[in-house]
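Per the working numbering, residue 262 is the first one in the sequence shown, and the count goes up by one each step. Virtual Cβ for every residue (Gly too), placed ideally from N, Cα, C. Fair warning: this is a prediction, and the values are worked out from it, not measured in the lab.
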Amino acid sequence: MLPADRALTSRLLPRAWTARRPTISTRCRSVKATNEKRTIREPLIKGRLRILTRQPDIKFADAATRSKLLKTETFIPWLITRLQILVEKSTDAGFVTFARNLIDILPQRSIWTALKTQDVQLPSQSEWQPSEQPRPVSLLRSLRQAFMSNGESGVDTQLKYSYHGLLASQKFSKVDIENQEKLADLRYPVEWYPATRVVQRKIVLHVGPTNSGKTYHALKRLEQADTGIYAGPLRLLAHEVYTRLNAKGKLCDLITGDEKVVQGGDGAQMKSCTVEMVPLNTDVDVAVVDEIQMIGHKERGWAWTQALLGLKAKEIHLCGEERSVPLIKELAASMGDEIEIHTYERLSPLKTMSTSLRRRLSDLRKGDCVVVFSRVGIHAMKKEIENVTQKRVAVVYGSLPPEIRAQQAKLFNDPDNEYDILVASDAIGMGLNLAIKRVIFESVSKFNGFHIAVIEAAHIKQIAGRAGRYRTAAQAEGPAGNSLEDIENPKMSWSMPAPNLGLVTTLEEADLPILRKAMQEELDPIMSAGIFPPTSVLLKFATYFSPSTSFSYILLRLHELSLRHPRYHLCVLKDQIAIADTIQPVQNLSIHDRIVFCAAPATVKNTGMPAILAAFARCVGDNSSGALLDIPEIPLDILDEDIRPDRAYMERLESLHKALILYLWLSYRFAGVFINQAMAFHVKRLVEERIDKMLAEYSSSPAIRETIKKMREEALRQISKLNEPVAESDDSSVQMKLPDAPFLPEGASDQGQSSQQKDAQLEERLRKMEIASGDIQSVASP
């Protein structure tokens, strides 16, 4: 180590960090790396630990693999190797010294012994954990937690945070730290909206299961108002309400992150938007906030909290699950708002079927919806169903252009054409108006960013609840149908009418016990609302740091110091840190500019996105031309190529599509820089058409279909392991909330009956119920 390095080390690191280091032997031996088939050469170290000479090919996508690595003696050697790589890449002399000294002390026996005394629990969300003090053991525990949460990228983020924390701690006075802590006091978010607090508001909470008409009643009230706002979780829902209001003669604007449609010069009195885009400074008579249970979401919950606390509406109608009631009542009391609660019951029963389809696509019937969790899988399933049944299949998923999505939904809802079956993503769970009789899960697991995991019970129940909503608003006055046998008996005619009964099942038998368990599970109440520091707080907080301080460190520091009331939780920093680091080298960006970019709909994990983000940031920093054709990082040249059904072509198309979405999003925030908005919309539509055509061809490829098949088989093997402790109980598989009708005869019991007997009895009870209380009418909710 050079003398200059030693001097810098003494200023940056506590004395314990510069303790005597062990001697590393130059003798080598061959060892097997964790999760690696080939043999590599490693230097030995005196003691129990060994240091890798190069990075082993360890796959960290699987949380179980990361957990296993932490429970063995391979984590510290891996960490040392990772530090060596960062030293080679870094141009910051201070960080290089910081990392080298950490490399020197890590092999000490005392460090390893202290670290082994603490177990790392598997986190429920991908979130980093900042270290409370820059000491070796404390830092290592934080690095273990970061690795468990986010793998390699989590470790890199934690190291950067710890290094910048050491630098900053030398510059802050006691007064500075006290002022930072005051700004980081986030215990009273209701005070962030003083203009709203002077408005006397009434909160009307509509709660109930899916297909209970809660959103329908809220939107009816919105239609009666002179001015109003609808806020939903998806662009698809915002488009649907926008179309509905305009069709009824109520002029309505559309506001989403990457699209704004304004009626006339000054805009309409009604606005339909995604919840993140709610106009808080607009005075309205009625506001409707849909899916209010999302207020507890670990990443997006802040948007629902912001809408609830900040909307300047005389009436706020909240629609969602009953488990949100205690929290909403408490928040209403803290704001001094009046609250009125309406509880709804399902308008039709919902039943988990006794058997799956056992992969027999020939058993699909008119009104069936097969739920698939990937776009490639959706198109592959569509092709397979059409080949087996010779019927037309409609598709709906989130990234479909609104016009195409509306056309596909209309084709499926129309009973007088050949589009009998729908293949859709989980977007249907958020309330799209689709005429679904039966929901069939292609799988109850999906890739969560790290590994294949079972879907949360709340999400499964929300998707399953769309079954039974098979009559749209235009069809609601028609007859409900006849019997359960029409759907469950594969020999029945395609054109036979179906009962007003929602059914849910799975495509594979192995998934059915997981579905049953989820449908039986009682969901816990939502305990806290998500929050995120407002821009005003971030701007003031950033003034305590020098202009050269990494903005990602400022974000992490604010999160570390923040104080919160128990009824609130701080939403996790998912993509913001990576975006902040990507644009950090860009000159002339103000703190406000960096805040805007960190909120952008982008992730640096996408192919080409880091270069695109940096290019867009340079346009803003330099105040240069942001014309679409002047930014070479946008891969527009792919439009000159012929469509090819291969993965590389698809990734390039998706990269271009994400770049265009980001361009449009930024065009509403930096209108003077990103000036080709109309052209971007046109190119985006061209790309979406190509993606749709390409996916159809791509999913038809035998190689791709074989890959999908193998992935599905692997998921089934994992599901089979989960099924072992699950008790298959049929007596609780029926999830419904119905009036007190003659459902079970007095004193009767269904214990000991077969699934077929129960299904037959259910059909008879429903028939009697219709005679006693009339046909149960279905209300179509947007």
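Excluding the 5 residues flanking it on each side, LEU799 has same chain C-beta neighbours closer than 6 Å at ILE856, in chain order. Secondary structure within the segment 506 to 583: the beta strand (DSSP E) runs of 3 or more consecutive residues, fully enclosed, are 513 to 517, 520 to 522, 531 to 535, 545 to 550, 574 to 581 (chain order). C-alpha of LEU927 to C-alpha of SER916: approximately 16 Å in a straight line. Contact check for ILE787 and GLY557: beta-carbon distance about 4 Å, within the 8 Å limit, so the pair qualifies. In the structure shown, HIS603 falls within a strand segment according to DSSP collapsed to helix, strand and coil. In the same chain as LEU572, and ignoring 5 residues on each side of it, the C-beta atoms closer than 6 Å to its own belong to ALA548, in chain order.
Restricting attention to HIS943, SER423, VAL436, GLN554, the CA atom closest to the CA of LEU363 is found in SER423.
For VAL465, the beta-bridge partners assigned by DSSP are HIS578, GLU601.
A buried status is given to PRO368, since no fewer than 16 other beta-carbon atoms sit within 10 Å of its beta-carbon. Note: LYS707 is bridge-paired with ALA714 in the DSSP secondary-structure output.
Taking C-beta atoms as the reference points, HIS603 and ALA479 fail to come closer than 7 Å. In the three-state reduction of the DSSP assignment, ARG828 falls in the coil class, being assigned neither a helical nor a strand state. Beta-carbon to beta-carbon, ALA941 and LEU890 are separated by about 11 Å, too far to satisfy the 8 Å threshold. Put simply, the backbone Cα of ALA779 is about 13 Å away from that of ASP785. Secondary structure note for LEU921: it is in no beta strand (DSSP E), and the uninterrupted alpha helix (DSSP H) holding it is 908 to 928.
Here ALA719 is actually not in contact with GLY763; their C-beta atoms are around 17 Å apart, not less than 8 Å. Relative to the Cα of GLY493, the nearest Cα in the group VAL502, CYS880, ALA486 belongs to VAL502. Going by beta carbons, GLU552 and LYS463 fall outside the 7 Å limit. If you look at ASP854, you'll find it in the alpha helix (DSSP H) that goes 852 to 859.
Comparing alpha-carbon positions, the option among LEU816, SER789, ARG621 lying closest to PRO795 turns out to be LEU816.
The Cβ-Cβ distance between ARG496 and THR535 falls below 7 Å. By the C-beta density criterion, ALA564 is buried, having at least 16 other C-beta atoms within 10 angstroms. Here PHE702 carries a strand assignment [DSSP, helix/strand/coil].
Burial check for ASP907: the Cβ neighbour count within 10 Å stays below 16, so the residue is exposed. Non-local C-beta neighbours of VAL705 in its own chain, meaning closer than 8 Å and more than five positions away in sequence, comprise VAL715, ILE716, ILE721, THR767, ASP772, ILE775, LEU776, ALA779, ILE980, ordered along the chain. Burial of HIS467 is indicated by the presence of at least 16 other C-beta atoms within 10 angstroms of its C-beta. Sixteen is the threshold: when 16 or more other Cβ atoms of the shown chains lie within 10 Å of the Cβ of ASP417, as they do, the residue is buried. Here DSSP, grouped into helix, strand and coil, assigns VAL633 to coil.
Pairing SER811 with GLU413, the inter-Cα distance amounts to about 20 Å. With 16 or more other Cβ atoms inside 10 Å of its own Cβ, LYS627 counts as buried.
Per DSSP, reduced to three states, the secondary structure at LEU344 is helical.
Non-local beta-carbon contacts of TYR910 in its own chain, meaning distances under 8 Å to residues more than five positions away in sequence, involve ILE899, GLU902, ILE904, MET955 in chain order. Residue environment for LYS481: exposed (fewer than 16 other C-beta atoms within 10 angstroms of its C-beta). Counting C-beta atoms within 10 angstroms of its own C-beta, ASP514 has 16 or more neighbours from the protein chains shown and is therefore classed as buried. Taking a C-beta distance under 7 Å as the contact criterion, ARG361 and HIS826 do not qualify as a contact pair. Taking C-beta separations shorter than 6 Å and ignoring five residues to either side along the sequence, the partners of ASP836 in its chain run THR864, following chain order.
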